[in-house]
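Asks:
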Amino acid sequence: MLAHPISSMAATHSPSLSDLAAAKGIRFGSAVAGQGGGSWRNPALADLLKRECSILVAENEMKWQAIRPSPTAFDFAAFDDIARFAGQTKMALRGHTLLWHRSKWMPRWLEKHDFGPQPATAAARLMANHVETVCARYNGKITSFDVVNETVLPEDGILAQTALSKAMGSTEALVDLAFHTARMAAPGVELVYNDYMSWEPGNALHRMGVLRLLEGFRKRGTPVDALGIQSHLIAPVPDAAYQREWRRFVDEVVAMDYRLVITEFDVRDRDLPVDIPSRDRTVADTAKAYFETMLDYPQLRDVLAWGMVDAYSWLQGYEPRADKAEARGCLYDSHFRPKPVYAALAQAFVEARPRT
Numbered sequence: 164m165l166a167h168p169i170s171s172m173a174a175t176h177s178p179s180l181s182d183l184a185a186a187k188g189i190r191f192g193s194a195v196a197g198q199g200g201g202s203w204r205n206p207a208l209a210d211l212l213k214r215e216c217s218i219l220v221a222e223n224e225m226k227w228q229a230i231r232p233s234p235t236a237f238d239f240a241a242f243d244d245i246a247r248f249a250g251q252t253k254m255a256l257r258g259h260t261l262l263w264h265r266s267k268w269m270p271r272w273l274e275k276h277d278f279g280p281q282p283a284t285a286a287a288r289l290m291a292n293h294v295e296t297v298c299a300r301y302n303g304k305i306t307s308f309d310v311v312n313e314t315v316l317p318e319d320g321i322l323a324q325t326a327l328s329k330a331m332g333s334t335e336a337l338v339d340l341a342f343h344t345a346r347m348a349a350p351g352v353e354l355v356y357n358d359y360m361s362w363e364p365g366n367a368l369h370r371m372g373v374l375r376l377l378e379g380f381r382k383r384g385t386p387v388d389a390l391g392i393q394s395h396l397i398a399p400v401p402d403a404a405y406q407r408e409w410r411r412f413v414d415e416v417v418a419m420d421y422r423l424v425i426t427e428f429d430v431r432d433r434d435l436p437v438d439i440p441s442r443d444r445t446v447a448d449t450a451k452a453y454f455e456t457m458l459d460y461p462q463l464r465d466v467l468a469w470g471m472v473d474a475y476s477w478l479q480g481y482e483p484r485a486d487k488a489e490a491r492g493c494l495y496d497s498h499f500r501p502k503p504v505y506a507a508l509a510q511a512f513v514e515a516r517p518r519t
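Residue numbering for the sequence shown follows this note's numbering, beginning at 164 and increasing consecutively.
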C-alpha cells in the first residue's frame with residue numbers, strides 16, 4: 164500500500180508541487196475555468212493556484228464553442244481574463260485547443276456551414292484564419308498549444324470526420340494545415356497533438372490509431388513537437404500486462420522524437436467503493452504507479468491537473484458515480500484539503516530524475 168511520507172506538505176504550503184517539480188526541470192499546473200467556483204475569480208481557488216502552479220490552461224474558454232459565435236466573429240473575453248490572471252501571477256499559459264476535431268464539440272453553425280462551390284479552399288481559409296487569429300492575439304503569452312485535440316476515434320482507431328474535414332477532402336489535410344499554420348503563426352511555441360488514450364483495458368485500438376497519426380505526421384513533415392496525454396486515469400491500477408503495453412506505446416512515441424505533456428490529469432473513481440479512506444488510497448496508488456512510469460521519461464517536462472479541487476471537477480457532472488457520492492479524483496477535496504493523491508504526486512516529483 165502507498166505510504167504518504169509528505170502528506171502534510173500541502174498544509175505547510177512549502178515546498179509546493181510547482182517547487183518540487185521545478186527542482187527536477189518540470190512545470191506543474193492546472194486547468195482553470197472562467198466562471199463559477201472553479202474559476203480564477205474564486206479567491207480561495209486563486210490562492211491555491213498561485214501557491215501550487217506555475218502554468219495554467221483554460222478548461223473550456225479557448226474552444227471553438229467559446230470563442231467562435233459565428234463564421235465571421237470571435238469572442239475572446241473569457242479567455243482574455245484567464246490570460247490576464249496568468250500574466251499577473253507570472254504563470255505560463257497553455258492554449259487548449261485550436262481544433263477539437265469531433266462533430267459533437269464543434270459549434271452548430273460550423274457543422275451546418277455552406278462551404279460553397281470550392282469547399283476545400285473555403286474550409287482551408289476558415290481553419291487557417293482561426294489559427295492565425297488566435298495565435299496572433301496571444302503572441303508571447305502562450306508557450307504551448309494543443310493544436311489538435313482528439314481526432315482519433317477510441318472505438319476503432321480511425322480518424323474522426325467533421326464538416327470541416329469533409330470540405331477539406333480528408334482529416335489528414337485538415338490537421339496538417341492546422342499544424343503548419345500554427346508553426347508559421349507561432350514560431351518557437353510547442354505544438355501538441357492531444358488525446359486521451361490510456362493504459363486501462365480497452366484502449367489498444369485507440370493507441371494504435373494515435374501511433375499511426377504520429378507516424379503520418381513524421382512522414383509528411385507535419386510540425387508536431389509533442390504528444391499530449393490527457394491522463395484521465397481510471398482507478399484501480401491496471402494489471403502489469405496493461406502497464407507493459409502502455410510503456411511500449413510511450414516508447415514508440417518518444418522513439419519518433421516526440422516530447423510528452425501530461426495535459427489533463429485526474430483519477431476517475433466511479434468503480435471504487437464509497438468508503439472515503441479506502442477510495443482515496445486507491446486513487447493515490449493509481450497516481451503513484453502512473454507517475455512512476457511517466458516521470459521515467461525525460462521527454463516529459465509539463466504536468467497539468469484537470470482541476471485542483473473535487474467540488475469543481477468535470478467528473479461531478481460529466482461522469483457521476485452511480486451511488487451519487489462525490490467523485491474524489493482531484494488533488495484537493497471540496498474543503499481545500501490535500502488528499503493522499505496529492506502526496507503521491509509530490510513524492511513522484513521528489514523521486515523523478517532531473518531533466519537537463
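All residues carry an ideal CB built from backbone N, CA and C; glycine is no exception.
Identify every run of the beta strand (DSSP E) within the stretch 307-384, keeping only runs that are complete inside it and at least 3 residues long; order them along the chain.
Replies: Listed in chain order, the complete beta strand (DSSP E) runs (minimum 3 residues) inside the stretch 307-384 are 307-312 and 353-358.
Asks: Decide if the stretch 224-235 is in contact with the stretch 476-495; the criterion is three or more beta carbon pairs, one per stretch, under 8 Å apart.
Replies: No contact exists between the stretch 224-235 and the stretch 476-495.
Asks: Distance check for A490 and A452, CA to CA, integer angstroms please.
Replies: Walking along the sequence shown from the start, residue 452 turns up at place 289. Walking along the sequence shown from the start, residue 490 turns up at place 327. Looking at the two C-alpha atoms, the distance is approximately 20 Å.
Asks: Does W272 get closer than 8 Å to chain D when you measure Cβ to Cβ?
Replies: Chain labels in this structure do not include chain D; a single protein chain is all it has.
Asks: In whole angstroms, what is the alpha-carbon distance linking E363 and P461?
Replies: Here residue 363 refers to the residue found at position 200 of the sequence shown. Here residue 461 refers to the residue found at position 298 of the sequence shown. C-alpha separation (whole angstroms): 23 Å.
Asks: Suppose the cutoff is 8 Å on Cβ atoms and the five residues either side in sequence are ignored; what does the same chain contact list for L211 look like?
Replies: Here residue 211 refers to the residue found at position 48 of the sequence shown. M471, V472, Y495 and F499, listed in sequence order.
Asks: Use the C-beta contact count for Q132: other C-beta atoms within 10 angstroms, 16 or more gives buried, fewer gives exposed.
Replies: Given a span of 164 to 519 for the chain in the structure shown, any question on residue 132 remains unanswerable.
Asks: Would P401 be called buried (16 or more neighbouring beta carbons within 10 Å of its own) or exposed?
Replies: In the sequence shown, the residue the question calls residue 401 occupies position 238. Counting Cβ neighbours within 10 Å, P401 comes out buried, since at least 16 surround it.
Asks: Within 10 Å of its beta-carbon, does P436 have 16 or more other beta-carbons around it, so buried, or fewer, so exposed?
Replies: Locating residue 436 in the sequence shown gives position 273, counting from the first residue. Flag for P436 reads exposed.
Asks: Just verifying my parser: in three-state terms, what is the DSSP assignment at D420?
Replies: Counting from 1 along the sequence shown, the entry for residue 420 is found at position 257. D420: coil per DSSP, three-state reduction.
Asks: I'd like the list of long-range same chain contacts for T341, defined as Cβ closer than 8 Å, with 5 residues on each side in sequence excluded.
Replies: Your numbering for residue 341 matches position 178 in the sequence shown. Rather than Thr, the amino acid found at residue 341 in this sequence is Ala. L261, L262, M290, V294, V310 and V311, listed in sequence order.
Asks: Going by alpha carbons, who is nearest to D319 out of G365, P501 and P399?
Replies: By 1-based counting over the sequence shown, the position of residue 319 is 156. It is G365.
Asks: Express the C-alpha separation of R288 and R407 in angstroms, rounding to a whole number.
Replies: Stepping through the sequence shown from its first residue, residue 407 is reached at position 244. Stepping through the sequence shown from its first residue, residue 288 is reached at position 125. Using only the alpha carbons, I get a separation of about 43 Å.
Asks: Considering Cα atoms alone, identify which of S307, T325 and F248 is closest to T314.
Replies: Counting from 1 along the sequence shown, the entry for residue 314 is found at position 151. It is T325 whose Cα lies nearest to the Cα of T314.
Asks: Between the C-alpha atoms of A345 and W227, what's the straight-line distance to the nearest angstrom?
Replies: As a first step, residue 345 must be located in the sequence shown, where it is residue number 182. As a first step, residue 227 must be located in the sequence shown, where it is residue number 64. So the two alpha carbons sit approximately 16 Å from each other.
Asks: Between which residues of its own chain and A196 is the CB-CB distance below 6 Å, once the five residues before and five after are set aside?
Replies: Position 33 of the sequence shown, counting from 1, holds the residue named residue 196. Hits under 6 Å: S202 and E222.
Asks: Among all the DSSP beta bridges, which residues are the ones paired with A389?
Replies: Here the question's residue 389 lines up with position 226 in the sequence shown. A389 is bridged to V355 and R422.
Asks: If we count the other Cβ atoms within 10 Å of its Cβ and call it buried at 16 or more, is A240 buried or exposed?
Replies: Working through the sequence shown from its first residue, we reach residue 240 at position 77. Looking at its Cβ environment, which holds fewer than 16 other Cβ atoms inside 10 Å, A240 is exposed.
Asks: Grouping DSSP H, G and I as helix and E and B as strand, with all else coil, what is D459?
Replies: Position 296 of the sequence shown holds residue 459. D459 falls in the coil class under three-state DSSP.
Asks: Nearest CA to the CA of G192: which residue from C216, N302 and A185?
Replies: For this step, residue 192 is matched to residue 29 along the sequence shown. Ranking the options by Cα distance to G192, first place goes to C216.
Asks: With DSSP as the reference, identify every bridge partner of P501, one or two as the case may be.
Replies: Position 338 of the sequence shown, counting from 1, holds the residue named residue 501. According to DSSP, P501 bridges with Y495.
Asks: Kindly indicate the opening and closing residues of the beta strand (DSSP E) around S193.
Replies: Within the sequence shown, numbered from 1, the residue matching residue 193 stands at position 30. Run containing S193: R190 to V195, per the beta strand (DSSP E) assignment.
Asks: Skipping 5 residues on each side, what residues in its chain have a beta carbon closer than 6 Å to that of M360?
Replies: Taking the sequence shown and counting its residues from 1, the one referred to as residue 360 is at position 197. Taken in chain order, the residues that qualify are N366, H369, R370 and V373.
Asks: Secondary structure at A447, three-state DSSP: helix, strand or coil?
Replies: If you number the sequence shown from 1, residue 447 lands on position 284. Here A447 sits in helix by DSSP.
Asks: Skipping 5 residues on each side, what residues in its chain have a beta carbon closer than 6 Å to that of I392?
Replies: As a position in the sequence shown, residue 392 is number 229, starting the count at 1. Excluding residues within five positions, the ones whose Cβ falls inside 6 Å are I425.
Asks: For F428, which beta-bridge partners are listed by DSSP?
Replies: In the sequence shown, the residue the question calls residue 428 occupies position 265. Bridge partners of F428: A468.
Asks: Taking only runs that begin and end inside the stretch 212-259, name each unbroken beta strand (DSSP E) of 3 or more residues, in chain order.
Replies: Fully enclosed beta strand (DSSP E) runs of 3 or longer: 218-221 and 255-259.
Asks: Please list the terminal residues of the continuous beta strand (DSSP E) segment that includes L262.
Replies: Along the sequence shown, read from residue 1 onward, the residue named residue 262 stands at position 99. That residue, L262, is in no beta strand (DSSP E); it is neither H nor E in DSSP.
Asks: Report the rounded CA-to-CA distance for L354 versus A488, giving the unit in angstroms.
Replies: For the purposes of this step, residue 354 is taken as the residue at position 191 of the sequence shown. For the purposes of this step, residue 488 is taken as the residue at position 325 of the sequence shown. Rounded to the nearest angstrom, the two C-alpha atoms are 38 Å apart.
Asks: Below 8 Å on the Cβ atoms is my contact criterion, and I expect T252 with K213 to pass it. Report the Cβ-Cβ distance as a whole number of Å.
Replies: Along the sequence shown, read from residue 1 onward, the residue named residue 252 stands at position 89. Along the sequence shown, read from residue 1 onward, the residue named residue 213 stands at position 50. Indeed they touch by this definition, with Cβ atoms about 5 Å apart.
Asks: Give the range of the alpha helix (DSSP H) segment to which H276 is assigned.
Replies: Here the question's residue 276 lines up with position 113 in the sequence shown. Per DSSP, H276 belongs to no alpha helix (DSSP H) and is neither H nor E.
Asks: With H, G and I counted as helix, E and B as strand and the rest as coil, what does DSSP make of L435?
Replies: Along the sequence shown, read from residue 1 onward, the residue named residue 435 stands at position 272. In this structure, L435 counts as coil in the three-state DSSP scheme.
Asks: Whole angstroms are fine: how far does the CA of D244 sit from the CA of Y301?
Replies: In the sequence shown, residue 301 corresponds to position 138, counting from 1. In the sequence shown, residue 244 corresponds to position 81, counting from 1. Rounded to whole angstroms, Y301 to D244 spans 12 Å at the Cα level.
Asks: Comparing C-alpha positions only, which one of P270, A286, M347 and L219 sits nearest to V297?
Replies: Taking the sequence shown and counting its residues from 1, the one referred to as residue 297 is at position 134. Of the candidates P270, A286, M347 and L219, the one whose C-alpha sits nearest the C-alpha of V297 is M347.
Asks: If R383 sits next to D339, beta carbons under 8 Å apart, how far is it from one beta carbon to the other, in whole angstroms?
Replies: Indexing the sequence shown from 1 puts residue 383 at position 220. Indexing the sequence shown from 1 puts residue 339 at position 176. Right, the Cβ-Cβ distance comes to about 6 Å (below 8 Å), so this counts as a contact.
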